[in-house]
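Using the working numbering, the letters of the sequence shown correspond one by one to residues 3 to 452.
Notes for the one structure printed next.
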Amino acid sequence: MNIKNHIDQIVANVVAKDPDQLTFHQAVAEVAHSLTPVLERNPEYIKQKILERMIEPERLITFRVPWQDDKGEVHVNRGIRVQFNSAIGPYKGGLRFRPNVSVGMLKFLGFEQTFKNALTTLPMGGGKGGSDFDVKGKSDAEVMRFCQSFMTELFRHIGPNTDVPAGDLGVGAREIGYLYGQYKRLTNEFTGTFTGKSITWGGSLVRPEATGYGTVYFAQNMLATKGDSLKSKTCVISGAGNVGIYAIEKINHLGGKVVAFATAEAAIHDKDGVDDEKLNYLKDLVFVKRGAITEYAKKYSKAVVLPSGKKTWDIPCFAAFPTAAENELDVTDAKTLLKNGCECVSEGANMPCTPEAVSAFEKAGILYAPGKAANAGGVSVSGLEMSQNSVRLYWPREQVDAELQKIMKNIHDTALAAAAEYGMKGNYVAGANIAGFKKVATAMIEQGLV
Ligand SMILES: NC(=O)C1=CN([C@@H]2O[C@H](COP(=O)(O)OP(=O)(O)OC[C@H]3O[C@@H](n4cnc5c(N)ncnc54)[C@H](O)[C@@H]3O)[C@@H](O)[C@H]2O)C=CC1
Ligand SMILES: O=C(O)CCC(=O)C(=O)O
C-alpha cells in the first residue's frame, strides 16, 4: 500500500463528510501527514484503522440553551460538547463561549486536545465544548442565567470520571463559578467535575497562570537546545487574556521584555516593555474592570496604539507568542517576523499559525512549537487539580509550579525524541503528533474495537 495515498484519502474523506468544518480539516491534515513514517513502520495501525477511528468523535452532544436577558427578552443559543477520545482517561478540555463557535470548531479543538492531553503524561482523554453565546456586553446576571441554563443540560453528560470541562475563550473565573454552582446544585455533589475552579473551593494554585507560564517554559526548553535563553530578549504576544497576560509575567520573571500585545480590538506597542508595575495595571484592566487595552496607552504615555491593520507581529522581536485564537498569524505575518529576526515562536493559543505560516517557520529553520505541545501547561495543571481534588488536598504553589516545569520539559523532550526517531530532527510539530498519536493508539488497540 502507498501510505501517502492512503493518508491523502483519509483526509479527503474527512473533507467530503463535513465540507464546512474548515479548521477541523486543517487540524486533521496536519496530524495525518506527519504520521506517514509511523504508519509505514506500524502496519497494525492501518489494519486497526486507528487514524480513521481517532478522527471520529466518540460522542457529540448538541443542545438548546434558552435564557432571559435583564429586560426579560428570551434568547436561544446552541450548547455543544464534543467527547472526542477517552482511550487514556475521562474526556478533558475547555468550554468556549463566542459567537463563532460551531461543531467544526469544537471538533478541531477536541481533536487537538486528545494529542495534547496524551503528551502531558497524565490520564486525560480529549474533549471540548461551548456555545455561540457572546459574553461581551452582558451583565453578570445575564451571564449567570446563561451558564445555569447551559449546565442544566450539560450536567447529565459530565462527571469526575466521565468528562471534566474547564475554561477557554470567553469562559473565565466568573463563568466557571456560575457553571459549577449549577452543576453542584443539580447533582447534589461536590466533586472535581470542573477545573480552573477558584482556589477557595477546589481550584489549584497556578492553574490561572499555567498555560501562559507553560508556553514560556516550552520556549525556554527549545532555546536551551541552542544554548540560548529569553534573558534580555525582546518578545511580542497577541491575546491579552488569560494565556497572554501570564505569558508576559513569566517572560518578565526570566528577564525578557514584552514590547507589544493585543486583543481582537487593538494592538499596543510599548517599546520600554510591560514591566511588573504595568502588568499589574493590565491585569486589573482586563480581569477586573474588563476594560479596553487602549486605556493602557492613555495611562503610559510612551505606549502607542498601533494603526488599524497593524499587528504585534509587525514589531521586531526575538521571540513571538501567539496567545489569542486559531489562524491569527498568517504567512505575511510569519515573513515579517522572520525578516525582523524572530528566532522562536511558541504557540500559547490552539493552532494560531496558518499552515503556510508554519511552513515559512520550518523553511527558515527557526524554533517553532505547536500549541498542542507548547500550551499543554494549562490542561496539565488541570490534571493536577483533579489529582488534588481526588485526595482532597491543596498543594503549595512551589510544588505545582515545579510539576508544571517538569511536565513542560518532558513534553519538549518527548516531542524532540519522537521527531528524531522518525527522521525529522528538530520538528516539534511532527514530534508532538507522533508521540501523542502513539500513546492513544496503543491504548485503543489494547482496549479492543471500541
Ligand atoms: N485558558 C487556557 O488555559 C487555555 C487556552 N488555550 C487557548 O489560548 C487562546 C487564548 O485563550 P484565553 O487566554 O483563555 O482566552 P481569553 O478569552 O482570556 O483571552 C483571549 C484574548 O485574545 C484576544 N483575541 C481574540 N482573537 C484575537 C485576534 N484575532 N487577534 C488578537 N487578539 C485576539 C481577545 O481579545 C482576548 O484578549 C485560545 O486559543 C485558547 O483555546 C489553550 C490552552 C489552555
Ligand atoms: O484545562 C483544561 O481542561 C482545558 C484547557 C484547554 O481547553 C486547552 O488546553 O485548550
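Glycine included, each C-beta is placed from N, C-alpha and C at the ideal position.
The model shown is predicted, which means the values in this text are computed figures rather than measured ones.
Quick check: is any heavy atom of ligand 1 less than 7 angstroms from the C-beta of A266? yes
Does the Cβ-Cβ distance between T217 and N119 come in under 8 angstroms? no
Which term fits F220, buried or exposed, when burial requires 16 or more other beta carbons within 10 angstroms of its beta carbon? The residue is buried, with at least 16 neighbouring Cβ atoms inside 10 Å.
Should S1 be listed as close to ligand 1, given that the test is whether its C-beta is under 7 angstroms from any heavy atom? Summary: the structure shown does not reach residue 1, with the chain confined to residues 3 through 452, and so no result is reported for it.
Under 7 angstroms from any heavy atom of ligand 1, does the C-beta of T325 make it? yes
Applying the 10 Å Cβ sphere with the 16-neighbour rule, what's the burial state of R147? buried
Measure from the alpha carbon of A359 to the alpha carbon of each residue in L331, L62, N412 and V383, then state which is nearest. L331
Which of the three DSSP states is assigned to P324 in this structure? strand
For T213, count neighbouring C-beta atoms within 10 Å of its own C-beta (all shown protein chains included) and say buried if the count is 16 or more, exposed if not. buried
Helix, strand or coil for S361? Go by DSSP, reduced to three states. In the displayed model, S361 falls within a helix according to three-state DSSP.
Just to confirm, does D170 get its C-beta within under 7 angstroms of one of the non-hydrogen atoms of ligand 1? yes
For L225, does the three-state DSSP call read helix, strand or coil? In the three-state DSSP reduction, L225 falls in the helix class (H, G or I).
Does any heavy atom of ligand 2 sit closer than 7 angstroms to the C-beta of S36? No, Cβ of S36 sits at least 7 angstroms from all heavy atoms of ligand 2.
Would you say I63 and L41 are within 8 angstroms of each other, going by their C-beta atoms? no
Cα-Cα separation, N7 to G385: 38 angstroms
Alpha-carbon to alpha-carbon, M3 and Y47: When the Cα atoms are used, Y47 and M3 turn out to be separated by approximately 13 angstroms.
Any non-hydrogen atom of ligand 2 closer than 7 angstroms to S88 Cβ: no
What span of residues does the beta strand (DSSP E) with A268 cover, start to end? Here A268 belongs to no beta strand (DSSP E), and DSSP marks it neither H nor E.
Within the present structure, is the beta-carbon of T356 separated from the nearest heavy atom of ligand 1 by less than 7 angstroms? no
Delimiting residues of the alpha helix (DSSP H) encompassing Y283: Its alpha helix (DSSP H) spans residues D278 to K285.
Could you check the C-alpha separation between L287 and I57 for me, to the nearest Å? 40 angstroms
Neighbourhood of R176 by C-beta, 8 angstroms cutoff - its chain only, sequence neighbours within 5 removed: Counting only Cβ-Cβ distances below 8 angstroms, and skipping sequence neighbours, we find D142 and V145.
Close Cβ partners of F1 (< 6 angstroms) along its chain, the five nearest in sequence each way excluded: Residue 1 falls outside the range modelled here, since the chain spans only 3 to 452, and no answer is possible.
Cα-Cα separation, D165 to C149: 17 angstroms
Simplified DSSP state of F99, which is helix, strand or coil: strand
Does the structure place the stretch 247 to 255 close enough to the stretch 415 to 433 that three or more beta carbon pairs sit under 8 angstroms? no
Does Q23 pass the burial test, meaning 16 or more other C-beta atoms within 10 Å, or should it be called exposed? buried
Would you report the Cα separation of F196 and V290, rounded to the nearest angstrom? One alpha carbon belongs to F196, the other to V290, and they sit about 22 angstroms apart.
Using the C-alpha atoms, what's the distance from K411 back to F192? 33 angstroms
So, do the stretch 257 to 267 and the stretch 344 to 360 have three or more beta carbon pairs nearer to each other than 8 angstroms? no
Where the beta strand (DSSP E) through F135 begins and ends: Here F135 belongs to no beta strand (DSSP E), and DSSP marks it neither H nor E.
Would the stretch 160 to 174 count as touching the stretch 92 to 100 if we require 3 or more Cβ pairs under 8 angstroms? yes
Going by the C-beta, is G112 closer than 7 angstroms to any heavy atom of ligand 2? no
Would you call S303 buried or exposed, if buried means 16 or more other Cβ atoms sit within 10 Å of its Cβ? exposed
Heavy atom of ligand 2 within 7 angstroms of Q115 beta-carbon: yes
Assign P372 to one of three DSSP states: helix, strand, or coil. coil
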